[in-house]
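Beneath this line is the structure, given in structure tokens, with notes to follow.
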Ligand code: SF4
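Chains as they are written, first to last, in this note's numbering: chain A, 626 to 985; chain B, 1410 to 1679; chain C, 3 to 186.
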């Protein structure tokens, strides 16, 4: 068993990054995720593992520092919250285009604009549809617990390097700020430069005489060349959709109704399930863990077995579009959402189920 | 041609007086004939070759006319988003502290959209070399007004001349960053005559040597022509540059070994 | 066993740290725990509250609308959370500064004059531990040795010399409860 600690989600993702062998963190303060950089600065990994931790002058600079580090094969991460993530979109698009691995943590707060510092899930579209310009995707992981904040840091780096793509952890202010018991995995040593050069022949690490020089770029002025770049990216995304879908089913075996929810909303729905089942309403929960790739097949399959689906999100109805695309018109699918930083309570979710799905 | 040369048989080592550096890729440059970019590329690559550091140098190219610099420089390179080269270089140098790292940017890239990244990389005293090509105009996009466009100078977005009352003043980025404690060597050079080229190369050598001692930013501005953007012949553009650019952007060292050079020395010269 | 608790009062009363020490003690006792604070500018001098869940099972929602126990330390929190206690549940409050006392008949209500006592003993820094002691007397969720470990883990090393004071305050709290409404 790994080391047990009581940690905030923000602290857990930071500690896990150090343990995963991260080479560099670049960030800019914004509530509700500032504990990530504060934690790193307090534990000083630059004195132990040699990991670089740098406070940048803006989110724009952070994401481009990430681009620089990732382009040289280093394992790098940044974190921010919604407005800061919006500022990073240009850089994320460049990294997707140049096929660079990196971990980006979004501890989502309510918007639009400066919005609120309270938790929200309103950045779903931005995360899963490619928030920047051009045809690209990011793998998006949605943790529902502090434990998953830690586990997904490691998983995120693994997937980022496996597919040479940016990976986002789409969390929210509540999961960032709350504390839970975490079992931490044992530290993995950072790769040596020699290991990195062997594992990442695509990286700009300094050109030895015997190889061609490496160019990291997303530019190809020739349309035929740029189309090839796009086709390659799309082929990669099809592979990811085939192999990397992750989800969780809870209480679905006998379910007549279904909640579909991710992250914090899924936790709330678990409580709502208990409350509903106490009233003899047989409801289950499907929790997408990867938001991209979305568990389309699983949603389609289970949609055939239930009488109605309530999609619960802390937004005005975003993931429901993917649910509807997956499930088709075979079953009633409704959305229940709170926004602007309001978290739906377990009992109000049950009332919504009764009103919108069972009674409606 | 080949045959003639073979017959003449003059290509012997003892006859070679000048050779393209091996660190320039053997392909035509994409720059306009007469443009200073090519000369700076050559000086830069000669410097790296003479120092023997091709294998552990990583460069960052900008957006602008030199967006394709990575195609010509035979070293590992990253192409940055517009203005962000110093952010990339910051991370690269911090994670590869034994490597030599440089950025290569134009005036729009370094002194407009990338102002924050430039100033903060300089202020943090990052240990890389910044090369700044200042030609007072946006070349690639077709001659728009740049942060360094001179007062009354015409461009496609200041067709009647830059009216500073409306369009603001040209920015002396190099003097600005010289004030920051994180910069160690700050100089302004040119490449339009052989003697200027030699001085630029010396400056580049110094800027890269400084990286061995982790002194902070070494910043080499090259005031250059943009004959296409200025709508002149190369010869005219060099003359115009001497008469108009140099008085506003005086050549010479601005900061050496971490100390500002006395003003009259800086202005004195060229 | 699952115990769902809300602790609510003013920022500066040690509401969050009381919850953290309870949660960390729970971890030391191999329980599942969650600690979900209110956060942001409202904490700067305004009200602060934290939901703590201690359970033998995987915890579902960290956000709740009904609680087994409410620990209430100011009037605003009384107004907000008295009604959120589950029927048959527990409400503990410090009457200091309370103008409208709890009136429900379907829950257990105890008062604890912790502020008064802390003032008398010059222990204002561990006021929150006196309150925690009262709670632990009624709901001994965690063993004393695990509270000791929880204190060690949640207090920074420079405050470890304060641990005996904290433990002492918990003991004092256990003797200060006054039953006001007790269900059979
Ligand atoms: S447009 Fe100007 S700066 Fe660009 S290559 Fe041509 S002359 Fe040089």
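A virtual CB, placed ideally from N, CA and C, is assigned to each residue, including glycine. Note that the coordinates shown come from a computational prediction; the quantities given were computed from them, not determined experimentally.
Cβ contact annotation for residue 786 of chain A (same chain, cutoff 7 Å, sequence separation greater than five): 726, in chain order. Checking the DSSP bridge columns, you'll see residue 731 of chain A partnered with A/705 and A/795. In terms of Cα proximity to residue 821 of chain A, the closest of A/647, A/636 and A/868 is A/647. For residue 1544 of chain B, the Cβ falls inside the 7 Å cut-off from some heavy atom of the ligand SF4. Not one beta carbon of chain A lies nearer than 8 Å to the beta carbon of residue 17 of chain C. Each of A/970, A/731 and A/720 was checked against the Cα of residue 638 of chain A, and the nearest Cα belongs to A/731.
Contact of residue 73 of chain C with chain A is not assigned, every C-beta pair being separated by 8 Å or more. Per DSSP, reduced to three states, the secondary structure at residue 1457 of chain B is helical. Taking the C-beta atoms as reference points, residue 1638 of chain B is found no nearer than 8 Å to residue 1570 of chain B. Considered as a whole, the region 16-87 of chain C harbours 17-30 and 77-83 as its complete alpha helix (DSSP H) runs of no fewer than 4 residues, in chain order. Nearest CB-CB separation between residue 933 of chain A and chain B: not below the 8 Å threshold. In the three-state scheme derived from DSSP, where H, G and I count as helix and E and B as strand, residue 743 of chain A is classed as coil.
In the DSSP assignment, residue 960 of chain A falls within the beta strand (DSSP E) that extends over 957-962.
Here residue 923 of chain A is not near residue 935 of chain A, since their CB atoms are 8 Å or more apart. Secondary-structure assignment with DSSP links residue 944 of chain A through no beta bridge to anything.
With a threshold of 7 Å, the Cβ atom of residue 1601 of chain B does not count as near the ligand SF4, since no heavy atom of the ligand is closer than that. In the structure shown, residue 1564 of chain B falls within a strand segment according to DSSP collapsed to helix, strand and coil. Chain-order list of chain A residues neighbouring residue 66 of chain C: 896, 970 and 971, by C-beta distance under 8 Å. When the beta-carbon positions are compared, residue 642 of chain A and residue 650 of chain A come within less than 8 Å of each other. For residue 183 of chain C, the three-state secondary structure derived from DSSP is strand. A distance criterion of 7 Å places the beta-carbon of residue 1531 of chain B beyond contact range of the ligand SF4, judged by its closest non-hydrogen atom. For residue 779 of chain A, the enclosing alpha helix (DSSP H) begins and ends at 771-788.
The three-state secondary structure of residue 871 of chain A, taken from DSSP, is coil.
Under DSSP, residue 652 of chain A shares a beta bridge with A/680.
For residue 821 of chain A, the enclosing alpha helix (DSSP H) begins and ends at 818-824.
DSSP places residue 89 of chain C in the strand class (E or B) of the three-state scheme. Boundaries of the alpha helix (DSSP H) harbouring residue 976 of chain A: 971-977, taken from the DSSP string. Residues of the region 802-832 of chain A with a C-beta less than 8 Å from any C-beta of chain C: 802, 803, 804, 805 and 806, listed in chain order.
By the C-beta criterion, the region 1584-1598 of chain B is judged to be in contact with the region 1617-1629 of chain B, since at least 3 inter-stretch pairs fall below 8 Å.
Identification of chain B residues near residue 690 of chain A by a Cβ-Cβ cut-off of 8 Å yields 1496, 1497, 1499 and 1500, ordered along the chain. For residue 144 of chain C, the three-state secondary structure derived from DSSP is coil.
For chain B, the residues of the region 633-652 of chain A that bring a beta carbon within less than 7 Å of one of its beta carbons are 648, 649 and 651, in chain order. For residue 1607 of chain B, there is no enclosing beta strand (DSSP E); the enclosing alpha helix (DSSP H) has its first and last residue at 1603-1620. Here residue 1585 of chain B carries a helix assignment [DSSP, helix/strand/coil]. Per DSSP, the unbroken alpha helix (DSSP H) holding residue 901 of chain A starts and ends at 888-903.
Taking 8 Å as the CB threshold, residue 89 of chain C stays off the interface with chain A.
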